[in-house]
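Below is one structure, written out as structure tokens, with a few remarks after it.
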Amino acid sequence: MSLDKEDLLRAYRMMKTIREFEERAHTEIMNGQIAGFTHLYTGQEANAVGICEHLSDEDAIISTHRGHGHCIAKGADVPGMMKELWGSSEGLCKGKGGSMHVADVDKGILGANGIVAGGPPISVGAALAAKIRKNGKVAISFSGDGSVNQGTCFEAMNLAVVLEVPAVFVIENNYYSEHTNISYAVGCDDLKARTEAFGFPVFEADGADFFSVYEAAGKAIEHARSGKGPAGVFAETGRFHGHFVGDPQYYRAEGELEDLRENSDCLKNFRARMAETGEISAEELDAVDAEVMAVIEQSVVDAKAAARPTPEQVTADVYINYGAAS
Amino acid sequence: MSLDKEDLLRAYRMMKTIREFEERAHTEIMNGQIAGFTHLYTGQEANAVGICEHLSDEDAIISTHRGHGHCIAKGADVPGMMKELWGSSEGLCKGKGGSMHVADVDKGILGANGIVAGGPPISVGAALAAKIRKNGKVAISFSGDGSVNQGTCFEAMNLAVVLEVPAVFVIENNYYSEHTNISYAVGCDDLKARTEAFGFPVFEADGADFFSVYEAAGKAIEHARSGKGPAGVFAETGRFHGHFVGDPQYYRAEGELEDLRENSDCLKNFRARMAETGEISAEELDAVDAEVMAVIEQSVVDAKAAARPTPEQVTADVYINYGAAS
Amino acid sequence: MAEKTMRDAINEALHQAMAADDSVFVIGEDVAGCNGAPGETGTVGGVFGVTSGLYQAFGPDRCIDTPISESAIVGAASGAALMGMRPVAEIMFADFIGVCMDQIVNQMGKFRYMFGGKSRCPAVIRFAAGGGFSAAGQHSQSMYQVMTSFPGLKVVIPSNAYDAKGLMLQAIQDDDPVLFFEPKVLYQEACEVPDEMYTIPFGEASFLREGDDCTVVAFGQMVPKAAQAIDALEAEGISCDLIDPRTSSPLDTNAILESVEATGRLVVVDEAPPRCGLTADIAALAADKAFSSLKGPIKQVCAPHSPTPFSPELEASYIPDSSKIIAAIKGTMA
Amino acid sequence: MAEKTMRDAINEALHQAMAADDSVFVIGEDVAGCNGAPGETGTVGGVFGVTSGLYQAFGPDRCIDTPISESAIVGAASGAALMGMRPVAEIMFADFIGVCMDQIVNQMGKFRYMFGGKSRCPAVIRFAAGGGFSAAGQHSQSMYQVMTSFPGLKVVIPSNAYDAKGLMLQAIQDDDPVLFFEPKVLYQEACEVPDEMYTIPFGEASFLREGDDCTVVAFGQMVPKAAQAIDALEAEGISCDLIDPRTSSPLDTNAILESVEATGRLVVVDEAPPRCGLTADIAALAADKAFSSLKGPIKQVCAPHSPTPFSPELEASYIPDSSKIIAAIKGTMA
Ligand SMILES: Cc1ncc(C[n+]2csc(CCOP(=O)(O)OP(=O)(O)O)c2C)c(N)n1
Ligand SMILES: Cc1ncc(C[n+]2csc(CCOP(=O)(O)OP(=O)(O)O)c2C)c(N)n1
Ligand SMILES: [Mg+2]
Ligand SMILES: [Mg+2]
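Residue numbers (numbering that gives the first Met the number 0), protein chains in the order written: chain A, 0 to 325; chain B, 0 to 325; chain C, 0 to 333; chain D, 0 to 333.
Right, here's the structure in full:
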């Protein structure tokens, strides 16, 4: 699990890409360019990247309403995603899905998901396929601190243990489900312990620190890959924006957002670590930043110019084959 | 919580009534007299009675598919229940509900329930009503070792903790959900611990021993009544019949049923305890038995003679008032 | 009397009902808001703002936030209702019926029947319903057509602020379980709404236009679009009845049939996909009971048989508009 | 060729499909049975016996017992299907859709559309459906009419053993998600069923009677009752087409419309309650597309708007019988 320079650069580039994708999406939504409901992942990038750096295209992930980061980290095409947010027929989902349904099954991305805790049961199925085929693959589901209270999430955890499938349940605790704090919505005092009580090990991580998530994820994924059944990752993290774009965030403490951006920024933390270890220079990271900014800028230019869907596309792709009738 | 002789006699009579109700139902089902799906509670009587002896009509219970025992223990009219099994319009539910939907809301019986884990969410609502009204009442839901894996059950437990309502979750572990053993269906090793991880105390009981259940239930119900939020009771028990009447019970070990009837019979245990303490004589208990047998016999005679529903009753009682239209 | 939006009208109904009857309470995700958080509790009032101010007015025991556990929310409402309370639960988006259908359909909706008529469950469950927000496949469904098929439930779909207030007050005082679907694109639409309390009975359609040539029945957000279509056709000398049933269960079948008997033609409009929906339900009613009056084919205007697409253009052609309604009205005369 | 019951026919289809394709597996509660128990694992084969012998033939990796967690079961099937497997999940009673509807309707049924056509989810979900067992309100619903309204799902309702086998083999090889509703009163009904594998395409109705006076469309357990009604009417000189669509989604609209154009009359029969069901769906289809051929009102025969009652007498009058179908056929001629 040692990370060489290439790995480190790739991880940093991923996190930066997610950050800039989200910040730009935020701007464009405020500009009225992007329709629908959009939930930004800014601030949580280390979680997605720390997990997905362990995965190949044959491993599966299933995400949440806050899905951009997970999808990018798992290899979704960034320009295609931007076009999807724009609702273009050239988008990753041909403009049918939008922010909440970004997906690319060929890359093992079983989709963002608009239903809270819609994903965990499906991840058990993907993990079951891996178990039956004995191919050493894993399936990851992402949940938030609010999502874990949905019945489907509990069912999935228990079923994964019963079937001993290589499913990894990642819980990103950003302390809020919409406007409600975890201290209210999760009745017990210790969510990690409640999760472990289902019968699998849960590895803790600092979600603002790529290296911490990477390490915890490594243990959980190794556990699952080696046939020992499901595992979990529990990461404390923070989102830098509101629940959705436009959220007035009345639930925050004064100074909370500033503090998060100041002290819990995975990009800053990564740079500090590199400065400490000397593995990558600031200039090299600056160069990555510049490249990422260019990619995002170009993806917006392309998204704006991309083809718009036409009415006859409404009824395409409901089925693979609906027969002669109807 | 001390039980005087009257209490003891009532508890014994209740258990015996449930036993004989179920044994007679079994006979009559085998005779083809009772239609539908029926799940018998024989062997688990001490659980229902040990809980319900703490309750008044203003406390609520909500039961399961295996509901006869809970309903009788909470005061449902036995002849009315027998008529209900017969599908008579004089039945407790006018023949509309049958075995799986026996109910009497005026007695705080919110119904048997054909949906596994349909009850726990509803019990949270009943408990919430008590909390809002500050009337010191409680709401009990019964679950089996299989039912606890249903998402709705988890949601209810967490919500009860969040809202700090006087709900008591009773788990009767009879080791089987249909044909599947708890060691398979509950992924973790310790179901009681998994339940406690939701954030409320769970009191253990020997479900073959009325006194053990009564004591554990007393603690749980007192906890809830006194405003400390939900609590649980976890009882190990055994059913003497199959999952449903007609079940070939391939899942049993050889001698298992004989052993249960021999060593885990709450009626036998109760009698043994009385013989030990001398609180009630064998003759007095025999007299109760005889009375119970007579009640059950008469209830069957009455059920056979009871009025049959007529077609126009099909559409009655769907609504209280469906307006002039349709 | 003042102009009020549908959101404010429903909010006012909730305030008034809670003030009048202390067995009424609201429960749902963020209906108060900010619970457990550093910020001030109660400052959200539901993601669409429909429950705003209730926490401040009635406190934490009567404006109750919950975890994301829709089955438990519905159960909490129905269980409290069985014990004599009059809860109004919010399930944010109607699509989320998927995760709590059993509690709605098999529990709440069937108690009374299964219990032989010996219970009452006066719970109201509110939903934001329908398309128009580019919210894609899982946040745009109307769902009321599906719920209409389940006996034991009453189903309400207001199309304007005035009706919304009166129907909500009726829903709360109704002794049966009521599902209340609020077309979310109409939240900001305003009309004159009396300040005092009033109820609109269930099963009584409202007549929004009167005409001779065709009966148009429309639900929810399709009502204003149907009105637009009918007004446009006036110039061509075509006049139509416009009926908004307001509740799909119970349904004011008499009003519909009487109109069809007079006009001889029928168009039914809803935003849901076509299969087993309300447009078919009402078309079939007329094809039986008003057959001898019919002068032309009964037309249904609805979404195609596909999930709701995200892209604004796609959604615009997915949800029926007045041009499709006009074509259908003409289609009954072809 | 031998007589086989519907249960055995479906069981045979499962055996053959699993032998032919090792991506096929079954999953559900007690589909093997006795897991973790002292007794012998695999001795149940589903509570209706439909999966019997699969555990013995294909082992624990392909005949998989689960806890009582229907949402997780459907998710396990759909997730595996997205990864290229062909699962057949059992959800015991169709009524239990209540606890797993989101996974069926909002997840499995919408993946392909929401993902822009870039996924396939060849999962089959089986259900025992309908009334006739005195199983009361929560174990007697047909539910297929409700599922028909959701785009993205295919819905199959066999009415005899022969169709059941061919439709199940088609369902398993189909690349879209399929809901397979087995009318539970028909499990023991037998007819000639070939031993070899064969498929029946979706969207192709079967014609069971041919006649001139009326078209009768019936689903599931209503098909034999409709045949009985039609046969009884022969004596009165009335002859009818009897159409069993076999799949409600896709629906063989051509077959229905052609027949109605020929007979000029239509009766639609289903055991579900009347509102927003398949009887209305098909009646409305004809009231639009075959209007000019219609000689009389379109009649629907279905259950009343109430939950299913327990009592055998009540259930007998709840579920449509041939006398009601006869009355309806005559009603189209009145
Ligand atoms: C079944 C369902 N209920 C409610 C919602 C509305 N909703 C969307 S996101 C969200 C909060 C999720 O909180 P959490 O799981 O902590 O994720 P986060 O937003 O913090 O990433 C809610 C309530 C939904 N989409 N689906
Ligand atoms: C939602 C749902 N799934 C499945 C069933 C079928 N079913 C009825 S009882 C039962 C087993 C319940 O086991 P447990 O909770 O242990 O209760 P017990 O039967 O042992 O009393 C099952 C699977 C059901 N009724 N409802
Ligand atoms: Mg969160
Ligand atoms: Mg059990």
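Every residue, glycine too, gets a C-beta built ideally from N, C-alpha and C.
The alpha carbon of Lys3(D) has as its nearest neighbour, out of Tyr112(D), Lys164(D), Asn105(D) and Gln55(D), the alpha carbon of Lys164(D). Checking the DSSP bridge columns, you'll see Arg125(D) partnered with Glu89(D) and Phe179(D).
By the C-beta density criterion, Asn262(B) is exposed, having fewer than 16 other C-beta atoms within 10 angstroms.
The beta carbons of Pro157(D) and Arg85(D) sit no closer together than 8 Å. Each of Val300(C), Ala128(C), Leu178(C) and Gly129(C) was checked against the Cα of Ala228(C), and the nearest Cα belongs to Val300(C). Taking C-beta atoms under 8 Å as the contact rule, Glu171(B) and Gly143(B) qualify, at a distance of about 6 Å. Residue environment analysis places Gln140(C) among the buried positions, since at least 16 neighbouring C-beta atoms fall within 10 angstroms of its C-beta. Here the alpha carbons of Gly124(A) and Gly226(A) stand approximately 15 Å from one another. Contact check between the region 66-75 of chain C and the region 143-156 of chain B: three or more CB pairs, one atom from each, fall below 8 Å, which counts as touching.
At least one beta carbon of chain D lies nearer than 8 Å to the beta carbon of Lys93(A). For Gly41(D), the closest of Lys15(B), His38(B), Ala116(B) and Gln248(B) by C-alpha to C-alpha distance is Gln248(B).
With a beta-carbon spacing of about 4 Å, Tyr54(D) and Ala31(D) fall inside the 8 Å limit used to define contacts. Chain D places a beta carbon closer than 8 Å to that of Ser176(B), counting this residue as a contact. Scanning its chain for C-beta atoms nearer than 6 Å, with the 5 sequence neighbours on each side dropped, one finds around Ala166(B) the residues Ser122, Val123, Ala126, Ala138, Ala159 and Pro229, in chain order. Contact between the region 56-68 of chain D and the region 200-209 of chain B is absent: fewer than three C-beta pairs spanning the two stretches fall below 8 Å. DSSP lists Phe233(A) as the bridge partner or partners of Glu203(A).
C-alpha of Ala116(A) to C-alpha of Thr278(C): approximately 33 Å in a straight line. Check the Cα spacing between Ala76(D) and each of Arg12(A), Ala184(A), Pro119(A) and Leu91(A): the tightest is with Pro119(A). If you check each beta-carbon in the region 232-266 of chain A against every beta-carbon of chain C, the ones closer than 7 Å belong to Tyr249, Tyr250, Arg251, Ala252 and Glu255. Counting only unbroken stretches of 4 or more residues, the alpha helix (DSSP H) elements lying wholly within the region 118-170 of chain D are 143-147, in sequence order. Per DSSP, reduced to three states, the secondary structure at Ile121(B) is helical.
Taking non-hydrogen atoms of ligand 3 into account, the C-beta of Tyr183(B) is found less than 7 Å away from none of them. Remark: the shortest separation between the CB of His240(B) and any heavy atom of ligand 1 does not fall under 7 Å. In chain order, the residues that have a beta carbon nearer than 6 Å to some heavy atom of ligand 3 are Gly143(A), Asp144(A), Gly145(A), Asn173(A), Tyr175(A) and Ser176(A). The beta carbon of Ile67(C) sits closer than 7 Å to at least one heavy atom of ligand 1. A heavy atom of ligand 1 is found nearer than 7 Å to the CB of Glu28(C). Contacts with chain B at 8 Å (Cβ-Cβ) do not include Cys51(A).
A straight line joining the alpha-carbon of Ser258(C) with that of Val145(D) spans about 29 Å. Taking each of Leu8(B), Gln43(B), Arg272(B) and Gly35(B) in turn and checking the Cα distance to Tyr175(B), the smallest one comes out for Gln43(B). Every beta strand (DSSP E) of 3 residues or more that sits fully in the region 31-77 of chain D is shown, in chain order, as 62-64. Lys267(B) counts as exposed, since fewer than 16 other beta carbons sit within 10 angstroms of its beta carbon. Counting only runs of at least 4 residues, the region 182-238 of chain C fully encloses the following alpha helix (DSSP H) elements, listed from N- to C-terminal order: 221-233. Contact annotation: the region 114-133 of chain C touches the region 172-188 of chain C, with at least three C-beta pairs closer than 8 Å. Tyr112(C) belongs to the set of residues whose beta carbon lies under 8 Å from a beta carbon in chain B. Taken from the Cβ of Ile114(B), at least one heavy atom of ligand 2 lies inside 7 Å.
Placement of the Cβ of Phe95(C) at a distance of less than 7 Å from at least one heavy atom of ligand 1 is found.
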